Amino acid sequence: MLERNIVKADSTVGVKSPKLKIKEFVTWMIENIEQYRRFHPIGTKARLAMEMMLFLGLRRSDVMRVGKQHIKDGFFRSKLKRKEHMLLYQ
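Heads up: the sequence shown begins at 31 in our numbering, then just goes up one per residue.
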């Protein structure tokens with residue numbers, strides 16, 4: 031914006047990024063998954079996302095991109111965001 035002369039000063043100078051409180055990810059136990067399933071019934075987007083991560087091994091960033099375009103001839107096909115190989119499930 032400064033380069034295009036839209037604003038005259040950078041209001042973010044001196045502003046520090048907040049520190050993240052979470053330093054590590056916690057692996058869920060089966061009890062956590064069961065509790066999640068009780069709270070999010072079949073048919074909800076949250077439940078579908080969880081099941082896709084559990085059974086397809088997708089990352090959260092990959093699940094967010096999945097759509098009907100990834101289903102063809104009864105197969106789920108997707109190229110992972112961080113990898114160069116293709117997933118194929120029937």
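In this text, a Cβ means the ideal position worked out from N, Cα and C, and glycines have one as well. For clarity, every value in this text was computed on a predicted model and none was experimentally measured.
Own chain, CB closer than 7 Å to residue i, minus 5 neighbours either side, in chain order
i, result
"residue 72", "none"
"residue 82", "88, 93 and 96"
"residue 66", "80"
Exposure of residue i, with buried meaning 16 or more beta-carbon neighbours within 10 Å
i, result
"residue 40", "exposed"
"residue 108", "buried"
Nearest-angstrom Cα separation, counted from residue j out to residue i
i, j, result
"residue 89", "residue 79", "10 Å"
"residue 69", "residue 63", "10 Å"
"residue 76", "residue 85", "14 Å"
"residue 50", "residue 37", "30 Å"
"residue 46", "residue 100", "40 Å"
Query raised in the report: Can you list, in chain order, the stretches of the alpha helix (DSSP H) that have 4 or more residues and sit fully within the stretch 38-106?
Result: For the stretch 38-106, the continuous alpha helix (DSSP H) assignments of 4+ residues that do not extend past its boundaries occur at 60-69, 75-86 and 90-93, in sequence order.
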